[in-house]
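Position 152 of the sequence shown, counting from 1, maps to 152 under the numbering used here, and the rest follow consecutively.
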Amino acid sequence: MDRLIGFDPQFLHDAVLTGINVFILFFALSYLLFNPVRDVLEKRRKKIADELEQAAADQTKAASLKEEYEAKLKDVNKEAESILEAARKKAKNREAEMVEEAKAEAARIIERAGREVELEKRKAVDDMKQEIVSIATLIAGKVVGGSMDVQIQDALVDETLKEMGEGTWQS
Numbered sequence: 001m002d003r004l005i006g007f008d009p010q011f012l013h014d015a016v017l018t019g020i021n022v023f024i025l026f027f028a029l030s031y032l033l034f035n036p037v038r039d040v041l042e043k044r045r046k047k048i049a050d051e052l053e054q055a056a057a058d059q060t061k062a063a064s065l066k067e068e069y070e071a072k073l074k075d076v077n078k079e080a081e082s083i084l085e086a087a088r089k090k091a092k093n094r095e096a097e098m099v100e101e102a103k104a105e106a107a108r109i110i111e112r113a114g115r116e117v118e119l120e121k122r123k124a125v126d127d128m129k130q131e132i133v134s135i136a137t138l139i140a141g142k143v144v145g146g147s148m149d150v151q152i153q154d155a156l157v158d159e160t161l162k163e164m165g166e167g168t169w170q171s
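Set out below in structure tokens:
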């Protein structure tokens, strides 16, 4: 027993049995533990790979949708601008129509006012003639006295008006 490790038959027998037990234990654990763990890890690896592929596909799809929506947004902006432009044109046309209607109405009002002024002027002229005739008759009646009748008075007034002319007594 003076050696540290003795290679006696018992030791070799125990070493061989221990080696066999280790291999049996390794294969048993491999079958019972390592293979299921490897299967779980493989499934997890596949799941992660699938998720990465799905994420890449989703990202590609999102990019294409983004481009599509941006294109639609540009179209919507163009359409909105065209609608606004049409509304502006319609408003300008309506404004022009309203201005023309207002001008026409103003012209009608001015024309009507001119006719009314003309009628009032004629009426005033006729009233003035009547007043002048009345005054002239009254004056003539006082001057001549009672020697004239109504026909002579009317003839004198007409003659006087003709001598004065229409421009004289109107101004």
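Just so you know, even glycine gets a beta-carbon here, dropped at the ideal spot from N, CA and C.
Please read these numbers as outputs of a predicted model, since none were measured by experiment.
May I have the straight-line CA-CA distance separating Ile139 from Met164, to the nearest angstrom? 17 angstroms
If you pair each beta-carbon of the stretch 123-130 with each one of the stretch 100-114, do three or more pairs fall below 8 angstroms? no
Suppose the cutoff is 8 angstroms on Cβ atoms and the five residues either side in sequence are ignored; what does the same chain contact list for Val16 look like? none
As assigned by DSSP and simplified to three states, the class of Phe23: helix
Nonlocal neighbours in the same chain, by C-beta distance under 6 angstroms from Val133, ignoring five residues either side: Val157
Whole-angstrom Cβ separation of Thr160 and Ala124, contact assumed at under 8 angstroms? With 8 angstroms as the limit, Thr160 and Ala124 do not qualify as a contact, their Cβ atoms being about 20 angstroms apart.
Write down every uninterrupted run of the alpha helix (DSSP H) in the stretch 82-129 whose length is 4 residues or greater and which is fully enclosed by it, in chain order. none
Consult DSSP for Phe34 and reduce its assignment to one of helix, strand or coil. helix
Measuring straight from C-alpha to C-alpha, what distance separates Lys66 and Ser82? 24 angstroms
Could you pull the start and end residues of the alpha helix (DSSP H) that Asp154 belongs to? 150-164
For Ala49 and Phe7, the rounded distance between their alpha carbons: 54 angstroms
Looking only at its chain, what residues have a beta carbon closer than 7 angstroms to the beta carbon of Asp154, apart from the 5 residues adjacent to it on each side? none
Close Cβ partners of Ile24 (< 7 angstroms) along its chain, the five nearest in sequence each way excluded: none
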